[in-house]
Amino acid sequence: GSALSDLEVEMREMKGSLWHLRYPIEGSDRFITVATSRPETMLGDTAVAVHPEDERHRDLVGKFVILPITRRRIPIIADEHSDPEKGSGAVKITPAHDFNDFAVGQRHNLPMPSILDKQARVTLAELDLGPADPFLRTLEGQDRFAARKAIVAWLEEQGLLDHVEATIHQVPHADRSGVVIEPLLTVQWFCKAEELAKPAIAAVEEGRTQFVPRQWENTYFAWMRNIEPWCISRQLWWGHRIPAWYGPDGAVFVAEDAEAAQAQADAHYGRAAALTQDEDVLDTWFSSALWPFSTLGWPDETPELARYYPGDVLVTGFDIIFFWVARMIMMGLYVMGDVPFRTVLINGLVRDERGQKMSKTKGNVIDPLSLIEAYGADALRFTVAAQSGAGRNIKLGAGLVESNRSFVTKLWNAARFCEMNGAVPALSFNVEGARLPLSRWILDAASRTIIEATAALEAFRLNDYAQACYRFVWGDFCDWFLELAKPGLAGEDAAELRAVAAHALGVILRLLHPVIPFVTEALWDQLGYGPEGSLIRATWPEPETVEGADAARGELSWVIRLISEIRAIRNEMNVPAASQIPVFLHDASAATLDRAARWQDAVKRLARVSGIAPLHGPILKDAAQAVLDEATLVLPLAELIDLAAERARLTATRAKAAAEAEKIARKLENRDFVARAPEEIVAENRERLDSTQAEIARLDAALARIA
RNA sequence: GGGCGGUUAGCUCAGCGGUAGAGCGUCUCGUUUACACCGAGAGGGCCGGAGGUUCAAAUCCUUCACCGCCCACCA
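Residue numbers (our numbering): 1 to 707.
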């Protein structure tokens, strides 16, 4: 058995019994009943306490009880600790084996005999034995639980057991070994934690160290402001020895090392005295508290210590705030005069798929190595980052890792496609040289992603960072840029598109390297971005201003909406995938027709159309229609079209738009809204109403044509 | 007993005063020369309940319910 700090004690709910014992009162035939969940401790009772205001027992205060078995005479005292509401209102006091009872014992100057040894066996050594019952002898050396059984049986036999009550109570267990802890009076070394805590509280109050998310500072403060003296000695084999030495007469010398202690002792005794060092070691958390500077060479003033203390960010779980974080802050301030780190990032705990805490007994422990074996380290790392919302736990399951493995594979394939098409990274590449709207659009999107991802990382929002990268790679780069670039890669724009693709991929590799280290590193090297091992040292990508970005965004947004509209119609009208259909633009502006001509090849390919042309004159009857800005798309489907289905489709679209318009109109009719809402909000709603109404008008026209 | 967090689409979650979103899953279609670990499309939500503040509430306040956690409590 060793001493423990409060933090190492874990309360567990257990079914147990409450034994109500009858203690005979001296000089009368009355009894006083006390309740206990640990009857064996009655051997060490040194008083029975009642509440000073409790009328029921007032006359008993000052009288004595003859404790059964040991037959010791112990006083009935009045103490606030006794709760009249509980049990009989009288409570047995065992100062050596209960914290509260110890306090009572101190207040009333009671003796404090231990009746258990360090192996939790009954010992009678400290008892003042008088006319004890012979039964007492048989208890010596018995284990606490065996003794409990024997004592209960004996009391029952003697008629001293009033009754037994089944209860559920909190029982202290050692968090490591899991055994039930027995409070025991021992001599230990303590640290005045309160003194250390004061500057540590101030440091966090003043923001010299900040917790992320901020709410954990409450947890820190709550504990630090109510901190108890810290028991730092342990009766274990491993650890730093307590730096205390004892002289021949037991005098204590505390010093940095044996030599200094010896010097102290010699001065004290006036002669050379033999010293023996304390056998105890320091609490492992005490030693761990030194970690931020002891690992940097302290107590020597090393260059490492000068450069790396204080550290920047400590990343850890909330369950370690008291054990380690608080202690490092206290110790850092005390020893180094500064906080050990500026930011404490509290990440969630990794739990199983259903959110259960992993435990060996539950058998739900996920071995990261098996996930890595199945899906790769990159997939696991990316998954954990993507799931780590601020302050929430991570539910880790194979399914998630598997789908993120797909993302890694997607990245790999996209890079392979770039390579196949001669997208070679060039140092000379300059964003300003990009002329094509497609180039400008993807370069602008890359810059925006860099800004978003960087901001997210700086704010420790790893999930936002991962998501921004995911969306850019899969949504922008793969789904649209590469697809739209395919026709161009075979033509006169090939050189620019290759250079832009290579540049964007370079941004992607650098952005994702922190969470997809292996695959990005392999691609970086293989595709010629830099020599092997150089990606981790590459500079973080910087956002760049792209000339004509707004115009490029407008144009690409149009192209993407055009293709999506055609695809939607094809799907909803069940147009066979293999059939190529023509697309006409009705009422289109010159600028729109211009765009249509420019994107002809890409649209043909991505929307499976045979061509796009302006439509003048009457619209064919057997056609599907859709509204795109000022123009109406017309898809002649001939025998493919089901007019009823098309009417239903257009009607549904119109209904949606009408509901939207209605909602906005109601808002704008509200005088309070127009008067009190900010101008730009009102203007925005007016514009939305206009464009929604224009869309409805075009849908009505389209419906009229197929009526 | 004291405190902290959560409750939004089937699942996991983002959004935290001004048009409810993402990923996965589901359904339909698809052998288009990077990728089926893929592509296209669709459906799916009284944003836990009740009050309140506000021109406007998933978002702010009050309160309740349920879930999770921390601290204290061996009569």
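Virtual Cβ for every residue (Gly too), placed ideally from N, Cα, C.
{"Item": "How would you write the range of the beta strand (DSSP E) that residue 246 sits in, first residue to last?", "Value": "244 to 246"}
{"Item": "Using the Cα positions of residue 292 and residue 679, report the straight-line distance between them to the nearest angstrom.", "Value": "54 angstroms"}
{"Item": "Could you give the residue range of the beta strand (DSSP E) that holds residue 127?", "Value": "Where residue 127 is concerned, there is no enclosing beta strand (DSSP E), given that its DSSP letter is neither H nor E."}
{"Item": "Go ahead and label residue 571 buried or exposed: buried means 16 or more other beta carbons lie within 10 angstroms of its beta carbon, across all protein chains shown.", "Value": "exposed"}
{"Item": "Could you tell me the boundaries of the alpha helix (DSSP H) in which residue 331 lies?", "Value": "327 to 336"}
{"Item": "Measuring CA to CA, which of 390, 396, 631, 357 is closest to residue 371?", "Value": "396"}
{"Item": "Compare the Cα-Cα distances from residue 615 to each of 601, 403, 646, 582 and report the closest residue.", "Value": "582"}
{"Item": "Tell me, to the nearest whole angstrom, how far the beta carbon of residue 502 is from that of residue 423; I am working on the premise that it is less than 8 angstroms.", "Value": "4 angstroms"}
{"Item": "Residues in its own chain within less than 7 angstroms of residue 248 by CB, not counting five upstream and five downstream?", "Value": "273, 274"}
{"Item": "Cβ of residue 336 versus every heavy atom of the ligand GDP: is any distance shorter than 8 angstroms?", "Value": "Ligands are entirely absent from the displayed structure, and the ligand GDP is therefore not among its contents."}
{"Item": "I'd like the list of long-range same chain contacts for residue 120, defined as Cβ closer than 8 angstroms, with 5 residues on each side in sequence excluded.", "Value": "1, 143, 144, 182"}
{"Item": "Shortest alpha-carbon distance to residue 62 belongs to which of 653, 205, 27?", "Value": "27"}
{"Item": "I'd like to confirm the pairing. Which residues does DSSP put opposite residue 11 in its beta bridges?", "Value": "172"}
{"Item": "If residue 425 and residue 528 are in contact, beta carbons under 8 angstroms, what's the gap, nearest whole angstrom?", "Value": "6 angstroms"}
{"Item": "Measuring only the C-alpha atoms, how far is residue 469 from residue 512?", "Value": "7 angstroms"}
{"Item": "Is the region 508 to 527 touching the region 537 to 547 in the sense that three or more CB pairs, one from each, lie closer than 8 angstroms?", "Value": "yes"}
{"Item": "Sorted by chain position, which residues of the same chain lie with C-beta nearer than 6 angstroms to residue 94's C-beta, five sequence neighbours on each side aside?", "Value": "41, 44, 45, 101"}
{"Item": "Around the C-beta of residue 404, are 16 or more other C-beta atoms found within 10 angstroms, so that it is buried, or is it exposed?", "Value": "buried"}
{"Item": "Give me, in chain order, the residues of the same chain whose beta-carbon lies closer than 6 angstroms to that of residue 147; leave out the 5 immediate sequence neighbours on both sides.", "Value": "40, 122, 139"}
{"Item": "Taking the alpha helix (DSSP H) that residue 503 belongs to, which residues open and close that run?", "Value": "494 to 512"}
{"Item": "The alpha helix (DSSP H) that contains residue 664, what's its start and end?", "Value": "643 to 669"}
{"Item": "Are the CB atoms of residue 51 and residue 33 nearer to each other than 9 angstroms?", "Value": "no"}
{"Item": "With burial defined as no fewer than 16 other Cβ atoms inside 10 Å of the residue's Cβ, what is the status of residue 588: buried or exposed?", "Value": "buried"}
{"Item": "Can you find at least 3 beta carbon pairs, one from the region 307 to 316 and one from the region 176 to 196, that sit closer than 8 angstroms?", "Value": "no"}
{"Item": "In terms of residues, what are the limits of the alpha helix (DSSP H) holding residue 602?", "Value": "600 to 607"}
{"Item": "From residue 640 to residue 354, what distance separates their C-alpha atoms?", "Value": "48 angstroms"}
{"Item": "Quick one: what's got a C-beta closer than 8 angstroms to residue 548's C-beta in the same chain, skipping five residues either side?", "Value": "437, 440"}
{"Item": "Who are the near neighbours of residue 211 in its chain, counting only those whose CB is closer than 6 angstroms to its CB and skipping five residues on each side?", "Value": "217, 344"}
{"Item": "What first and last residue would you give for the alpha helix (DSSP H) that runs through residue 363?", "Value": "Taken as a continuous stretch (DSSP letters only), residue 363 belongs to no alpha helix (DSSP H), as it is neither H nor E."}
{"Item": "How many whole angstroms separate the CB atoms of residue 173 and residue 13, which I take to be in contact at a CB cut-off of 8 angstroms?", "Value": "11 angstroms between Cβ atoms; not a contact."}
{"Item": "Starting from residue 545, trace the beta strand (DSSP E) both ways and give me its first and last residue.", "Value": "Here residue 545 belongs to no beta strand (DSSP E), and DSSP marks it neither H nor E."}
{"Item": "Within the chosen definition, does the region 377 to 391 reach the region 479 to 493 through at least 3 CB pairs nearer than 8 angstroms?", "Value": "no"}
{"Item": "Give the straight-line distance between the Cα atoms of residue 628 and residue 618, rounded to the nearest whole angstrom.", "Value": "18 angstroms"}
{"Item": "Let me know the secondary structure DSSP gives residue 80 once reduced to three states.", "Value": "coil"}
{"Item": "Determine, using beta carbons only, whether residue 244 and residue 277 come nearer to each other than 9 angstroms.", "Value": "yes"}
{"Item": "Can you list, in chain order, the residues of its chain whose CB lies under 7 angstroms from that of residue 5, leaving out five sequence neighbours each side?", "Value": "230, 231, 283"}
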